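Take a look at the structure set out below.
Protein chains: 2
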Amino acid sequence: MDAQRQSMLRKFQKELNAGTVSLVLLAVLERSPEPMYGYEIAKGMSWGMGAGVPVKHGTLYPVLRSMEGNGLLSSRVEPSVSGPPRKYYSITDHGRAVLSDWRTAWACTRDFVDATLEGDGG
Amino acid sequence: MDAQRQSMLRKFQKELNAGTVSLVLLAVLERSPEPMYGYEIAKGMSWGMGAGVPVKHGTLYPVLRSMEGNGLLSSRVEPSVSGPPRKYYSITDHGRAVLSDWRTAWACTRDFVDATLEGDGG
Numbered sequence: 030m031d032a033q034r035q036s037m038l039r040k041f042q043k044e045l046n047a048g049t050v051s052l053v054l055l056a057v058l059e060r061s062p063e064p065m066y067g068y069e070i071a072k073g074m075s076w077g078m079g080a081g082v083p084v085k086h087g088t089l090y091p092v093l094r095s096m097e098g099n100g101l102l103s104s105r106v107e108p109s110v111s112g113p114p115r116k117y118y119s120i121t122d123h124g125r126a127v128l129s130d131w132r133t134a135w136a137c138t139r140d141f142v143d144a145t146l147e148g149d150g151g
Numbered sequence: 030m031d032a033q034r035q036s037m038l039r040k041f042q043k044e045l046n047a048g049t050v051s052l053v054l055l056a057v058l059e060r061s062p063e064p065m066y067g068y069e070i071a072k073g074m075s076w077g078m079g080a081g082v083p084v085k086h087g088t089l090y091p092v093l094r095s096m097e098g099n100g101l102l103s104s105r106v107e108p109s110v111s112g113p114p115r116k117y118y119s120i121t122d123h124g125r126a127v128l129s130d131w132r133t134a135w136a137c138t139r140d141f142v143d144a145t146l147e148g149d150g151g
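This is the structure in structure tokens:
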């Protein structure tokens with residue numbers, strides 16, 4: 030793949046991730062029986078968002094903070110034996126309601142994109 | 030759905046569309062046997078991108094121009110009997126190569142998101 034195709038692919042993947050990272054993050058926290066801290070959440074996500082644009086841990090923290098600001102997550106800080114205190118995040122009831130809306134929107138957009146790519150949509 | 034959920038949903042859908050509109054647009058043009066003008070392309074897309082955030086025709090034109098600037102599309106202007114001249118877009122060979130890369134990236138991200146939502150991923 031030449032450099033220009035590579036650059037277009039990175040741009041595309043970045044835009045795709047911008048929409049999906051928050052969805053995946055909320056789903057991971059909904060499923061977790063325990064509050065999770067940033068690094069734990071990032072670990073589970075970093076392999077999956079693909080195409081040479083891994084989700085860098087540093088990009089998750091602003092998303093977590095913004096979601097907390099919007100009331101989708103709550104957090105508490107706990108001391109850690111091995112380093113600085115950790116901020117543990119849980120999904121709120123409001124976050125669960127928003128996740129449910131987002132799941133529906135995701136399924137709708139996904140099906141439309143797939144139909145178009147297969148030549149049935151549009 | 031309360032106003033805050035509605036607002037979160039619109040934000041999410043907008044971010045999702047930012048990544049997918051260019052993919053869908055390129056796929057629509059690849060499939061078309063004839064060059065298409067902006068309004069024709071928009072018509073086929075506007076119903077699908079869902080959740081109260083339709084793809085406004087005005088948002089497509091900058092995407093078309095940027096894709097032409099990146100060599101993914103070529104265009105020619107033709108007079109129209111019913112109004113101002115129309116700009117017809119075709120996909121270039123480079124655009125086909127980029128679309129092929131984007132299809133792969135899309136499938137990878139889609140499967141990862143779906144797996145996470147179903148509780149198998151992450």
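Line order of the protein sequences matches chains A and B.
Take 30 as the starting number for the first sequence in the numbering used here and just add one per residue.
Take 30 as the starting number for the second sequence in the numbering used here and just add one per residue.
Beta carbons: idealized from backbone N, C-alpha and C, even for Gly.
These numbers come from a predicted model, not from an experiment.
According to DSSP, is G150(A) helix, strand or coil? Along the first sequence, read from residue 1 onward, the residue named residue 150(A) stands at position 121. Low local confidence applies: a pLDDT of 43 at G150(A) is under 50, so the model's placement there is unreliable, and no value is given.
Between V92(A) and Y90(B), what straight-line distance do the alpha-carbon atoms span, to the nearest angstrom? As a position in the first sequence, residue 92(A) is number 63, starting the count at 1. As a position in the second sequence, residue 90(B) is number 61, starting the count at 1. Using only the alpha carbons, I get a separation of about 30 Å.
What did DSSP end up calling M30(A) once you bin it into helix, strand or coil? In the first sequence, residue 30(A) corresponds to position 1, counting from 1. Of the three classes helix, strand and coil, the one that applies to M30(A) here is coil, per DSSP.
Tell me, which residues are paired with K72(A) by DSSP? Indexing the first sequence from 1 puts residue 72(A) at position 43. BP columns for K72(A) are empty, so no partner.
Helix, strand or coil for T62(B), going by three-state DSSP, please let me know. Against the second sequence, residue 62(B) aligns to sequence position 33. For the sequence presented, residue 62(B) should be read as Pro rather than Thr. Three-state result, P62(B): coil.
Contact set between the stretch 111-136 of chain A and chain B, restricted to residues whose Cβ is under 8 Å from the partner: H123, A126, V127, D130, W131, R132, T133, A134, W135
Kindly list the residues whose CB is nearer than 8 Å to the CB of V106(A), restricted to its own chain and excluding five residues on each side of it in sequence; keep chain order. The residue given as residue 106(A) occupies position 77 in the first sequence. Excluding sequence neighbours, V106(A) sits near P114, R115, K116, Y117.
Please classify L93(B): does DSSP put it in a helix, a strand, or coil? The residue you call residue 93(B) lines up with position 64 of the second sequence. Helix.
On the three-state DSSP scale, how would you describe L101(A)? Counted from its first residue, the first sequence places residue 101(A) at position 72. It is coil, neither helix nor strand.
Own chain residues within Cβ distance below 8 Å of V57(B), not counting five before or after: In the second sequence, the residue the question calls residue 57(B) occupies position 28. Only M65, I70, G73, M74 meet the Cβ criterion.
For E63(A), the nearest candidate out of V127(A), S104(A), R139(A), A47(A) (CA to CA): Here the question's residue 63(A) lines up with position 34 in the first sequence. Measuring from the Cα of E63(A), the nearest candidate turns out to be S104(A).
When the Cα atoms are used, what is the spatial distance from G112(B) to D130(B)? The count along the second sequence starts at 1 and reaches residue 112(B) at position 83. The count along the second sequence starts at 1 and reaches residue 130(B) at position 101. Looking at the two C-alpha atoms, the distance is approximately 37 Å.
Please state whether DSSP places S51(A) in a helix, a strand or coil. To locate residue 51(A), count along the first sequence from 1; it is residue 22. Residue state, collapsed to three classes: helix.
Per-residue DSSP class, three states only, for S129(B): Position 100 of the second sequence, counting from 1, holds the residue named residue 129(B). S129(B) carries a helical assignment under DSSP once its states are collapsed to helix, strand and coil.
What does G148(A) reach in chain B if we use C-beta pairs closer than 7 Å? As a first step, residue 148(A) must be located in the first sequence, where it is residue number 119. Neighbours of G148(A) on chain B, chain order: R60.
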